[in-house]
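Chains as they are written, first to last, in the working numbering: chain A, 1 to 792; chain B, 793 to 976.
A virtual CB, placed ideally from N, CA and C, is assigned to each residue, including glycine.
In this text the structure is predicted, and so the values were computed from the model without any measurement.
Shown next, in structure tokens, is the structure this report addresses.
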């Protein structure tokens with residue numbers, strides 16, 4: 001006989017005698033106790049089931065099937081049985097691993113019974129029972145005969161502490177006097193040592209049940225809720241916090257008039273029965289014993305971290321109640337959560353934002369929504385619309401996790417509901433976008449960070465590529481520009497000047513676009529263009545180009561001296577004296593040694609009657625060009641220094657320069673021009689006869705301006721020698737030349753603009769001298785030549 | 793020498809009658825102990841069946857260093873006593889709950905885990921009786937562990953098998969009972 005449990009019947013283990021006391025037999029022969037085995041144990045199949053299971057369960061899950069296949073052979077029934085056991089093994093989890101349930105409830109029954117007396121109260125009828133305790137209707141006989149409710153707290157509490165806590169608050173409780181509050185009258189301990197509370201007897205039903213049974217619409221529910229708020233506010237004013245507001249503590253009773261009346265019960269009891277030093281270990285028990293459901297518990301109560309529960313915890317609980325009145329369910333299904341453990345409840349209550357009431361309604365199953373709607377006598381869409389907006393915000397404000405963000409008082413909460421009912425703007429504004437973003441961020445840090453990094457990478461890449469693109473485009477345009485400029489050069493070399501010019505202007509415009517208006521084109525390019533346009537007398541076009549391509553700042557750059565020279569010329573040619581003068585002064589800075597610089601500046605100073613400046617300039621000209629050898633330069637400098645009779649220049653020095661001009665210019669084309677300059681020098685020195693001789697010769701020059709200049713000097717010299725008739729005749733000839741040959745001032749004077757200024761100046765001087773008046777047709781501004789003479 | 797000790801000494805004489813007497817004695821003691829504790833204990837105190845059994849051992853025998861055989865013997869009896877107590881309570885509560893002798897007006901959500909626990913316990917008891925018919929030793933292991941809170945080592949010593957065998961029996965019994973309850 002192969003006993004699988006041989007040791008059991010070994011005499012050594014005689015204590016085994018009690019094991020199977022139910023069905024064991026005492027084996028007299030062996031002097032020991034033998035279990036009576038069921039018959040089918042012997043047929044082997046059961047043994048196989050145990051063995052197979054034990055072997056299979058130690059194998060890896062994936063190999064079990066193959067093992068059973070081999071071990072069971074054809075016995076399908078056996079195999080199914082073992083497989084069912086294996087499945088049960090996997091599913092069993094914590095089954096039987098915890099010790100059996102507490103035996104706590106067993107004393108509830110042998111406790112107080114109907115008919116017994118508790119203190120001075122006679123128990124009449126049990127009207128409620130739950131985790132918290134048993135509630136009896138009782139009769140008080142002294143000092144008044146009345147019916148009361150007695151709540152006898154379940155065992156498991158330190159009675160003395162409970163009573164002491166209640167006594168501490170008793171005076172405050174007595175101060176409460178409000179139609180919506182059921183008074184707690186008394187407290188004490190039963191003979192078996194359990195605490196009990198005596199309350200005003202309220203025959204009513206839970207507020208949520210009442211609202212559903214009476215099918216109250218949303219507005220009526222809000223009105224009823226406002227009564228509850230009044231009651232809680234009253235208690236808060238008396239310094240009482242309820243701590244355990246929930247539908248089962250808010251009963252609706254019907255007055256004799258038929259009017260429903262909400263009554264808040266159990267004030268002061270939660271505080272007395274809740275151990276303030278709740279620990280995790282005892283909290284589970286606390287939930288069962290006292291609270292029943294954590295659905296209405298505020299985050300700070302659930303967290304246990306802060307024991308300073310204050311009135312705002314009640315506001316949270318009221319928020320949950322309102323949520324339930326509106327939607328038919330609490331924000332969180334805590335009963336379900338509790339099954340997953342305390343930490344899960346705590347996590348959800350403290351961290352998870354509940355769906356808004358309207359969202360909750362919208363997400364209800366159709367059937368549930370219909371039920372909820374019927375309880376409120378409205379169509380489902382209307383119900384959702386009623387709740388959306390104001391009521392959403394009001395409820396969510398009361399349900400804020402951070403109590404500082406909730407309504408500070410119940411009154412504030414109630415006032416907002418009244419405002420909503422009156423159609424006014426509510427105080428519970430939607431949280432600011434920033435606040436919500438912040439919330440969103442803290443909840444999705446990882447997501448935000450990764451999105452941020454991706455965004456950063458993308459924008460960096462975008463910047464880099466667009467910069468590269470810009471650079472690439474710039475390079476391409478630059479290439480275009482260089483090709484255009486090269487083409488212009490090529491055209492120029494081939495003698496196609498007009499085409500070259502246009503290409504060049506085009507290139508300059510491209511350049512301006514490419515480098516911006518602040519970056520001037522190379523000076524030589526502008527010079528090139530000017531050098532083409534100016535000789536062709538295309539002054540307008542030249543000016544346009546300069547206006548467009550020469551930034552104002554560029555004129556301060558010496559590299560553009562030549563361009564400025566051009567511009568002064570272009571402006572002067574057309575009588576724009578003031579602007580031309582400004583450029584001429586610039587040129588003086590850049591080119592102080594060139595004769596042309598002075599040949600531009602001096603006439604312009606005269607024509608603009610800047611006589612002080614002119615007189616300062618002339619001695620400098622003389623100093624600089626004292627030893628000049630070029631007849632052309634000498635000629636120009638002499639003329640420039642002697643335009644006016646009182647130029648401030650040393651006449652002898654000027655005469656020496658004039659002598660150089662005549663000597664060096666002998667035999668050259670320009671000799672007659674040189675003769676004129678000497679004639680002028682002689683005249684200014686008072687050598688009238690020499691002046692007449694030289695001027696007569698010079699007047700034969702073919703250039704009209706040269707004739708004009710010479711005739712003016714000739715006429716004045718003759719007049720000085722009292723040859724008045726000759727003088728008048730030559731003056732007339734001079735005027736004729738001016739009238740017929742000189743372009744009008746303001747028009748285009750052309751390349752000879754300087755000499756025309758000199759002609760006009762000398763003619764005016766001659767007129768004053770000979771006729772005592774200004775010449776007819778004079779277009780120079782009135783000059784103060786007379787002053788100069790007076791000064792002499 | 794206390795009553796329990798004299799009974800245990802008698803039980804050493806290996807008499808079924810004495811064994812049953814022991815269970816009865818422990819049973820009475822456990823009931824009395826539970827009732828008195830529940831009336832007086834500090835708030836939040838949870839009385840667990842196994843803890844009660846251990847306390848009963850101390851009260852009845854009063855000596856931690858008692859012989860191992862005495863101790864295991866006692867716990868074996870206590871397991872059975874505890875099982876009886878729990879089942880009786882569960883049955884009675886169920887009868888009250890279903891009888892509807894009171895008009896329940898409120899506090900209904902306060903009715904928490906109790907009913908479910910009771911049903912589970914009764915179902916377990918039924919299944920355990922079936923297991924006992926087929927696998928008495930394995931059923932005994934469950935009683936020791938679940939109702940008396942004995943350790944595997946204590947059980948192994950008591951029924952004279954290896955520790956690993958006790959573990960195997962326990963795993964098997966758990967699966968078997970679970971399957972049975974699910975099926976039932």
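Interface flag for residue 264 of chain A against chain B is unset, since no Cβ pair is found closer than 8 Å. Residue 638 of chain A sits in a helix when the DSSP states are folded into three classes. The continuous alpha helix (DSSP H) containing residue 300 of chain A extends over residues 299-303.
In terms of Cβ geometry, residue 964 of chain B and residue 54 of chain A form a close pair [threshold 8 Å]. In the displayed model, residue 186 of chain A falls within a strand according to three-state DSSP.
Within chain A, the C-beta atoms nearer than 7 Å to that of residue 960 of chain B come from 54, in chain order. By the beta-carbon neighbour count (other beta carbons within 10 angstroms, threshold 16), residue 395 of chain A is buried. Counting only Cβ-Cβ distances below 7 Å, residue 85 of chain A has contacts in chain B at 967, 968 and 971, in chain order. Rounded to whole angstroms, residue 738 of chain A and residue 744 of chain A show a C-alpha spacing of 9 Å.
Taking a Cβ-Cβ cut-off of 7 Å, the neighbours of residue 963 of chain B in chain A comprise 57 and 89, given in sequence order. For residue 50 of chain A, at least one C-beta of chain B is nearer than 8 Å to its own C-beta. Put simply, the region 173-182 of chain A touches the region 252-264 of chain A. At least three CB pairs are less than 8 Å apart.
Within 7 Å of the CB of residue 92 of chain A, the CB atoms of chain B belong to 966, 967 and 970, in sequence order along the chain. Taking C-beta atoms as the reference points, residue 727 of chain A and residue 712 of chain A fail to come closer than 8 Å. The beta carbons of residue 376 of chain A and residue 216 of chain A sit closer together than 8 Å. Around the beta carbon of residue 255 of chain A, fewer than 16 other beta carbons lie within 10 angstroms, which makes this residue exposed.
Residue contact check for residue 922 of chain B against chain A: no CB pair falls below 8 Å.
Residue 584 of chain A and residue 458 of chain A have their C-alpha atoms roughly 57 Å apart.
Within its own chain, the residues whose Cβ lies closer than 6 Å to the Cβ of residue 680 of chain A, once the five positions on either side in sequence are excluded, are 642 and 713, listed in chain order.
The straight-line gap separating the alpha-carbon atoms of residue 730 of chain A and residue 522 of chain A is approximately 51 Å.
The C-alpha of residue 268 of chain A is placed about 28 Å away from the C-alpha of residue 212 of chain A. Of the residues A/575, A/758, A/548 and A/487, the one whose Cα lies closest to the Cα of residue 636 of chain A is A/758. Taking residue 596 of chain A as reference, the option from A/82, A/548 and A/634 with the minimal CA-CA separation is A/634.
Residue 722 of chain A sits exposed, since fewer than 16 C-beta atoms from the chains shown fall within 10 Å of its C-beta. Taking C-beta atoms as the reference points, residue 756 of chain A and residue 742 of chain A count as a pair closer than 8 Å. In this structure, the beta-carbon distance from residue 78 of chain A to residue 49 of chain A falls below 8 Å. Pairing residue 940 of chain B with residue 386 of chain A, the inter-Cα distance amounts to about 59 Å.
Looking from the CA of residue 691 of chain A, the closest CA among A/703, A/709, A/298 and A/541 belongs to A/709. Here residue 146 of chain A is bridged, per DSSP, to A/140. Here residue 697 of chain A is not near residue 718 of chain A, since their CB atoms are 8 Å or more apart. Between residue 173 of chain A and the set A/200, A/485 and A/134, the nearest pair of CA atoms involves A/200. Taking all protein chains shown into account, residue 735 of chain A has 16 or more neighbouring C-beta atoms within 10 Å of its C-beta and is therefore buried.
Note on residue 705 of chain A: 16 or more other CB atoms within 10 angstroms of its CB, so buried under the neighbour-count rule. Annotated three-state conformation of residue 127 of chain A is strand, per DSSP.
Contact check for residue 194 of chain A and residue 152 of chain A: beta-carbon distance about 6 Å, within the 8 Å limit, so the pair qualifies.
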